[in-house]
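So the sequence shown is numbered by the numbering used here: it starts at 4 and just counts up by one.
All C-beta atoms, glycine included, are put in the ideal place defined by N, C-alpha and C.
Please read these numbers as outputs of a predicted model, since none were measured by experiment.
This report concerns only the one structure given below.
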Amino acid sequence: MSESGDSGPGLREVAHRVFAAEFDDAEFSYSESDEERAPNYVVTPTGARANRLFAVGVLTELEQVNDEVLRARVVDPTGAFVVYAGQYQPEALAFLEGATPPLFVAVTGKARTFEPEDGDRVFTSIRPEAISEVNAETRDRWVVQAAEQTVARVDRLASARQSGLSGDALKQALVAAGVSESDADGAALALEYYDTTGDYLQAVRELALNAARVVAGERDEAGTLSRDPGDGTDDPLASLVTMDLEAPAETASVAPSDEPATGGDEPASTADVADEGNEETLGDTTGADGTTDDDVGDFDTEFELDEDEREEIEAEYGTDFQSGTEVDDAGEADIETPDPEEVAEADAPPAEDVDLEDAVMDVMTDLNDGSGADREAVITEVMDTYGADRAAVEESIQDALMGGRCYEPDDDKLTPI
């Protein structure tokens with residue numbers, strides 16, 4: 004699914020990986036139409052256009068806001084996400100009510116903003132769709148993935164700002180350079196709203212790399228993001244640019260971007276009933292909310308890194324990290340790494356006799372051509388091989404995503420970890 008939500012009815016948009024520090028700086032949210040059930044997007048200063056987020060960190064605090072709503076803090080190496088769960092998120096609420104901090108958790112949910120009537124600050128939060136307990140290795144893998152996607156967004160937005168283009172002309176130039184339409188929209192909206200500077204982009208990039216260094220054991224903490232998106236100069240842009248963008252030939256002048264339909268969203272505690280009623284099926288295709296997660300190689304989502312950047316993040320830090328020390332005494336959580344589950348038999352038995360999540364991972368690995376496995380092909384293969392129904396297969400894919408066994412690099416793609 005694309006960020007603009009055009010992947011068809013009944014499908015969820017892919018969840019972005021964004022560090023808490025950047026998400027906390029986000030202020031701009033909008034909907035693409037005035038329809039009651041139109042998806043809402045939060046645009047971050049580096050251009051993530053997120054309807055949904057996927058975050059992994061340490062659950063450090065729980066607070067009862069009122070009789071129906073519970074507030075949680077989930078800490079990553081850069082800061083804390085605020086999570087609100089109420090009567091319209093019964094499974095997440097039940098998990099939090101039974102949780103005892105600290106423990107590692109994975110959260111998938113809707114990105115939300117809220118601005119009090121008498122306030123001058125916009126608050127961000129996650130309205131959870133699912134929360135599950137995970138281990139330190141899953142948290143470390145998430146940090147690396149979030150760092151990759153953050154660096155890709157930073158480099159893309161630096162190229163966009165350096166080009167001097169804006170609005171439709173910028174979006175067309177980005178798409179012509181191989182960027183997805185949803186990512187191009189996010190970049191144009193971020194520059195228009197935040198006027199994000201080169202100094203801020205450099206600070207976010209360094210913070211992301213420091214987060215990876217934390218889980219690699221090379222630093223004790225990632226540091227903080229003390230600069231506002233519009234502060235500073237553009238001096239660092241030249242070192243961040245990865246694309247030479249030019250206005251399309253048919254675009255004689257820079258066209259202004261369309262103004263979004265709405266502003267900030269309601270606080271999570273008000274629990275958007277209409278949105279819940281329109282809950283999409285588990286088709287987390289991709290496109291962080293539409294293709295937000297650039298992939299490597301031919302994919303133009305958030306894993307689109309050049310060779311030097313990939314070496315800087317993955318070759319140096321890998322994914323076999325020990326847990327960092329940056330999060331509220333996470334080591335005291337006594338979290339044990341579960342033993343790997345048994346792999347399904349080669350000669351597939353009936354669906355009720357196999358672990359569908361393992362079956363999904365096996366098929367995904369077989370179909371992965373280096374740039375991800377086609378999601379629909381994975382579903383079809385598992386259904387045909389094991390006689391499983393579609394809903395069960397999609398649920399198993401979601402379990403694998405939440406368990407950190409795979410991720411969504413691009414529209415309709417799944418990549419095993």
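Three or more beta-carbon pairs under 8 Å between the segment 233-245 and the segment 92-103, yes or no? no
In chain order, each beta strand (DSSP E) run of at least 3 residues that lies wholly inside the segment 13-81: 31-34, 43-46, 55-67 and 73-79
With 16 other CB atoms within 10 Å as the buried threshold, where does G327 fall? Because the pLDDT at G327 is just 37, under 50, the model does not fix this residue reliably, and the value given afterwards should be weighed accordingly. Answer is buried; the Cβ neighbour count reaches 16.
Short of 6 Å in beta carbon distance, which residues of its chain neighbour E66, apart from the five on each side in sequence? Order them along the chain. R74
Between the CA atoms of G189 and T418 - distance to the nearest angstrom: 23 Å
In this structure, does DSSP put Y91 in helix, strand or coil? coil
On the CB-based measure, 16 or more other CB atoms within 10 Å of its CB, does Q90 come out buried or exposed? exposed
Roughly how many angstroms separate the alpha carbons of G237 and E397, rounded to a whole number? Position check: residue 237 holds Asp in this sequence, whereas Gly was assumed. Each residue's alpha carbon lies about 45 Å from the other.
When the Cα atoms are used, what is the spatial distance from G267 to A51? With a pLDDT of only 43 at G267, under 50, the local geometry of the prediction cannot be trusted, and no value is derived from it.
Helix, strand or coil for T383? Go by DSSP, reduced to three states. helix
Reduced DSSP secondary structure (H/G/I, E/B, other) of L240: helix
The alpha helix (DSSP H) that contains V207, what's its start and end? G201 to V218
Would you decide whether P93 is buried or exposed? Buried here means 16 or more other CB atoms lie within 10 Å of its CB. exposed
Using the three-state DSSP reduction, which class does S135 fall into: helix, strand or coil? strand
For the segment 379-393 and the segment 30-48, state whether three or more C-beta atom pairs, one from each stretch, are separated by less than 8 Å. no
Candidates G226, S399, E184 and T103: which alpha carbon is nearest A24's? G226
Using a 10 Å radius around the Cβ and a threshold of 16 neighbouring Cβ atoms, would you call R124 buried or exposed? exposed
Quick check on DSSP: helix, strand or coil for G112? strand
So, at 6 Å on beta carbons, what are the nonlocal neighbours of T322 in its own chain, with the 5 sequence-adjacent residues on each side left out? Because T322 carries a pLDDT of 44, less than 50, the predicted location of this residue cannot be relied on, and no value is offered for it.
Exposure label - R369; buried when at least 16 CB within 10 Å: Looking at the sequence shown, residue 369 is not Arg but Asp. It is exposed - the Cβ of D369 has fewer than 16 other Cβ atoms within 10 Å.
Can you tell me where the alpha helix (DSSP H) with L177 in it begins and where it stops? G170 to A179
From V85, F117, T127 and E136, pick the residue whose C-alpha is nearest to that of T103; which is it? E136
Work out the CA separation of L56 and A403 for me, nearest whole Å. 16 Å
Check whether the Cβ atoms of R230 and A193 lie closer than 8 Å to each other. no
Verify the contact flag: A139, CB atom, against every heavy atom of the ligand NAD, threshold strictly below 7 Å. With respect to small molecules bound, the structure shown includes none, and the ligand NAD cannot be examined in it.
Alpha carbons only, please: which of L177, A139 and S169 is nearest the one belonging to R156? L177
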